[in-house]
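Enquirer: Please read through the structure below; I'll follow up with questions.
Residue numbers (full-length UniProt numbering): 1 to 1022.
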């Protein structure tokens, strides 16, 4: 049995009509079935029109199936890797083909899903290509978890934890597991959003599942070779257009008076004048004039070069695909780069008529040099240069960052802002990751309808990270070294009994029953040293002071699960699943938890007369319960060694900071959804609509308790969070002719999140602290998850800002909600145009409703580099000149110009206020200095944005060009990612800027500019 392009169709059903006798085709499309002369064989496969053939006297029958263009024929990969017809599913699932991810590549392949799947919100910190990603499906549900989905690679769970991230005090984004994957090896990505879709994966799937299927050689006849090459250049996307270009270094309108003008990040000086000269930090004299691109010139043009070579081969009983890839990235930050090499072998072999063995090994090596520091890290190059005065060229910093003795040269009088050239040239950090993901699977077919599957899978990696600061580095004057080593091994053993029988032409039952044992072992070691003994040797033993920390985490989950799927008349479908997990991290009385789901679909158009308008219609509904456990060692006391000794003897300690809780229960998430799939005008228009509701209870979170207890917190079950929303996907063929087509796809998702309750003693839970101006990200009862809180500006009943008699703003004393870090709705708009061999695809990614507190903007206002600080300067400086000419003191002088804060002043009393317009002139420098330590409110911005996320222009070369060359297909594409910000309210920074992938979204500080990439992709298949 084959398709119209002569490719074999493995796994197709051959049914002797009127009986229950059936068989399935093998990997080469062959089959064998006893059939008397005159009987009828029915050949069928998902996505193809069934065909009936009357048996004659022949012994061989060749059948070619045609694609089914009138029915919903999409084949999707569901839980446990089962391929199913989408019309049979009672829940929403989205699938993206590998070609959509590999043409315009991202180093972290999951970022290529941005804007392509409704209900999936993807964000990335500003760490660059080597950084991690945050993926949220249908809103945040966990207070203490990471809210991210489970990743399954060819049936094997994959660890995607981040080895390290930045917080309010700084840090580095050490990447995640997904950056290990080569996009050219991916066949498809399926997103299981709802509980019913993910219930078979149990406690680990409470936030959804993303299933990645890699390519195999199953459909290859003979030997095939595929070569793919991709090159992209990366440039800065943000342009810093909202910085002022009128005034330079100084304070109060005056040039710096110190011999070496090292306050390069204060632009409150006089108006720029090329006739003036200023001595900079290293003693050189420079003109006091505007320097164009004084920030952007620090960043270079980056590049990413990826090459993949794949060999595929197949016979009747075996197939194999072997691929190797090499990726080298040079980031826009100088001295920062990444290299990744992958080797993958995926093979299937049939032993006789009953046994099939397949397996995969994917080996990855990854090296990253000089990941950029983030947030308030002293060597964050973004923080160091984004606030420099417009007369100061950052390139001057490269000429004297160290003196003739190699010692650090101060440049701005602030030890917390290290010269960026010292950071990139003298300080260093490196990471290395070696990883193996693989499985071995055996299938035994007892009959054509009953089989057994045994599989063992592993995800294993070693990650090593070092961070070095040489002698003389501010805050690390004697030098410092950090060495981090992470080892993880997760093994999964699975047995699955499969039943698949077509009882009649109209009725079938598919059932699976199985079990899984998951064992996870993680070992972490951290060594730090200070005080270099011999320079030039970066070893922890070369430091006078050393400390070591060690952690070992082990966890096991035993599981039993099953599913029954039925279909009747290709119209009515019902799925029932059940799973029970036993977790080692919970006590015996609470460690067993049951996850059921029920879903169904109804193809109602099968009961209607054929319509030229409505081609296909389906209703679906599902209900499910999933949940999650906790980390190891929350139930009992744990012991360890302190990182120092007494009289040469190690000291032991109780490691717990939380009171153990033997009664801890698993988190529970109850979900339901219903939706419809409608297709019109012979499937030219498709509408998919889903409504869902998700309630998560028994959150596992720490409760702060008195320190007199000996502990900081107690781990408890408390809290309820709900998420309700709608998802829409509209696909339409706008134009369709033999040579030209235009398809448009729109997806939209709206999520409403609420923290319904926490605990009788806890009304708010801190997700992240900003430190600056008292801002924080909170989960508060009755509010949306991730509210931004801080002290507000005082306002009158009309909403006007209240000022004091000196003309300065008045601040409140209580923390109040100022915004939220989560989006209300997201959307993606894709247009695809084809003309003969040409193809153009453009994706616009839109997000709306979130806010962000930009500390970078607060610093720019405090330093006088923001355009907003221009107002009132000329008037104030003129007033000061007049005051000095009159010989008056500030107390004797009434300013004649300056900045007037917009709002009112209370000329009455506190009890009987009388608000009048504020008319008092103040020094704009003094006005904008008020906010940095008092209120974040003026610097909380709407983070709504629209981006041209992806653009590709490709051409498939005609086969006539190749003549007798053994080339089967070749194409070339010009590609771009993150090309333009079409809409944004934020000054100078990308609306997606964040310094980590944790729950505390909505904070930005010292962001390194985001990147746009453009280049070309070449693919040749032999």
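For glycine and all other residues, C-beta sits at the position ideal for the given N, C-alpha and C.
Since residue 759 is in the alpha helix (DSSP H), which residue starts that stretch and which ends it?
Expert: No alpha helix (DSSP H) holds residue 759; DSSP gives it neither H nor E.
Enquirer: Can you tell me whether residue 417 is buried or exposed, with buried defined as 16 or more other CB within 10 angstroms of its CB?
Expert: Looking at its Cβ environment, which holds 16 or more other Cβ atoms inside 10 Å, residue 417 is buried.
Enquirer: Going by other Cβ atoms of all chains shown within 10 Å of its Cβ, with 16 needed for buried, is residue 297 buried or exposed?
Expert: When all chains shown are included, residue 297 counts as exposed.
Enquirer: Which residues in the same chain as residue 769 place their Cβ atom closer than 7 Å to its Cβ, once the five residues preceding and following it in sequence are excluded?
Expert: Closer than 7 Å at the Cβ level, and outside the excluded window around residue 769, lie 168, 776.
Enquirer: If you pair each beta-carbon of the segment 122-141 with each one of the segment 596-612, do three or more pairs fall below 8 Å?
Expert: No: the two stretches stay apart, fewer than three of their Cβ pairs being nearer than 8 Å.
Enquirer: Out of 934, 223, 88, which has the shortest C-alpha to C-alpha gap to residue 507?
Expert: Nearest option by C-alpha distance: 88.
Enquirer: Return yes when the Cβ of residue 818 is within less than 8 Å of the Cβ of residue 992, no when it is not.
Expert: Going by C-beta atoms, residue 992 is not nearer than 8 Å to residue 818.
Enquirer: Any chance the segment 367-378 sits against the segment 411-428, with 3 or more Cβ pairs inside 8 Å?
Expert: Because the criterion of three Cβ pairs below 8 Å is met, the segment 367-378 and the segment 411-428 touch.
Enquirer: Where does residue 877 fall in DSSP's three states?
Expert: Here residue 877 sits in helix by DSSP.
Enquirer: Once you ignore the five residues that flank residue 1024 on each side, which residues in its own chain have a CB closer than 7 Å to its CB?
Expert: No statement about residue 1024 is possible, as the shown extent of the chain runs from 1 to 1022 and does not include it.
Enquirer: Using a Cβ-Cβ cut-off of 6 Å (strictly less than) and excluding sequence neighbours within five positions of residue 720, which residues of its own chain qualify?
Expert: These residues qualify, in order along the chain: 697, 756, 757.
Enquirer: Sorted by chain position, which residues of the same chain lie with C-beta nearer than 7 Å to residue 916's C-beta, five sequence neighbours on each side aside?
Expert: Cβ neighbours of residue 916 beyond the five flanking positions: 904, 905, 907.
Enquirer: Could you check if residue 58 is buried or exposed, using at least 16 other CB atoms within 10 Å of its CB as the buried criterion?
Expert: Looking at its Cβ environment, which holds fewer than 16 other Cβ atoms inside 10 Å, residue 58 is exposed.
Enquirer: Return the bridge partner residues of residue 157 from the DSSP annotation.
Expert: In DSSP, residue 157 forms a bridge with 152.
Enquirer: Which parts of the segment 429-491 are runs of the beta strand (DSSP E), unbroken and 3 residues or longer, counting only runs that do not cross its ends?
Expert: Listed in chain order, the complete beta strand (DSSP E) runs (minimum 3 residues) inside the segment 429-491 are 450-469.
Enquirer: Is the number of C-beta pairs between the segment 682-691 and the segment 724-734 that are closer than 8 Å three or more?
Expert: Segments in contact, yes.
Enquirer: Please report how far the alpha carbon of residue 982 lies from the alpha carbon of residue 111, in whole angstroms.
Expert: Those two C-alpha atoms are separated by around 19 Å.
Enquirer: So, with DSSP's three-state summary, where would you put residue 1010?
Expert: Correct three-state label for residue 1010: coil.
Enquirer: Mind pulling the beta strand (DSSP E) runs of 3 or more residues that sit fully within the segment 520-573?
Expert: Correct list: 543-568.
Enquirer: By Cβ distance below 6 Å, which residues in the same chain neighbour residue 309 in space, the five residues on each side in sequence not counted?
Expert: Excluding sequence neighbours, residue 309 sits near 227, 324.
Enquirer: Suppose contacts are defined by Cβ-Cβ distances below 8 Å. Is residue 383 in contact with residue 1006 by that definition?
Expert: In contact: residue 383 and residue 1006 (Cβ atoms closer than 8 Å).
Enquirer: Which residues does DSSP pair with residue 620 in a beta bridge?
Expert: In the DSSP output, where bridge partners are listed per residue, residue 620 has 601, 675.
Enquirer: Taking only three categories from DSSP, how would you classify residue 186?
Expert: Residue 186 falls in the strand class under three-state DSSP.
Enquirer: Determine the burial state of residue 1004: buried for a count of at least 16 other Cβ atoms within 10 Å of its Cβ, exposed for fewer.
Expert: By the 10 Å Cβ count, residue 1004 comes out buried.
Enquirer: Quick one: what does DSSP say residue 960 is sitting in, helix, strand or coil?
Expert: Residue state, collapsed to three classes: helix.
Enquirer: Given 8 Å as the limit, is there contact between the segment 610-620 and the segment 174-193, that is, 3 or more CB pairs closer than that?
Expert: The answer is no - the segment 174-193 does not touch the segment 610-620, with fewer than three Cβ pairs under 8 Å.
Enquirer: How should residue 23 be labelled, buried or exposed, when 16 other C-beta atoms within 10 angstroms of its C-beta is the threshold for buried?
Expert: That one is buried.
Enquirer: Could you check what DSSP says for residue 394 in three-state terms: helix, strand or coil?
Expert: Helix at residue 394.
Enquirer: If residue 41 and residue 53 are in contact, beta carbons under 8 Å, what's the gap, nearest whole angstrom?
Expert: With a Cβ gap of about 5 Å, residue 41 and residue 53 count as contacting.
Enquirer: Within this structure, are the beta carbons of residue 140 and residue 785 separated by less than 8 Å?
Expert: The answer is yes: Cβ separation under 8 Å.
Enquirer: Let me know the secondary structure DSSP gives residue 588 once reduced to three states.
Expert: Residue 588 falls in the coil class under three-state DSSP.
Enquirer: Runs of 4 residues minimum, wholly inside the segment 850-915: which ones carry the alpha helix (DSSP H) assignment?
Expert: Taking only runs of at least 4 residues, the alpha helix (DSSP H) segments lying wholly in the segment 850-915 are 855-863, 873-886.
Enquirer: Hey, out of 80, 702, 38, 101, whose CA is closest to residue 843's CA?
Expert: Closest option to residue 843, Cα to Cα, is 101.
Enquirer: Out of 26, 871, 394, 38, which has the shortest C-alpha to C-alpha gap to residue 1062?
Expert: The chain is shown from 1 up to 1022; residue 1062 falls before or after that span and cannot be answered.
Enquirer: Can you give the Cα-Cα distance for residue 581 and residue 207, rounded to whole angstroms?
Expert: Straight-line Cα distance between these residues: approximately 16 Å.
Enquirer: Which of helix, strand or coil does DSSP assign to residue 613?
Expert: Residue 613 falls in the coil class under three-state DSSP.
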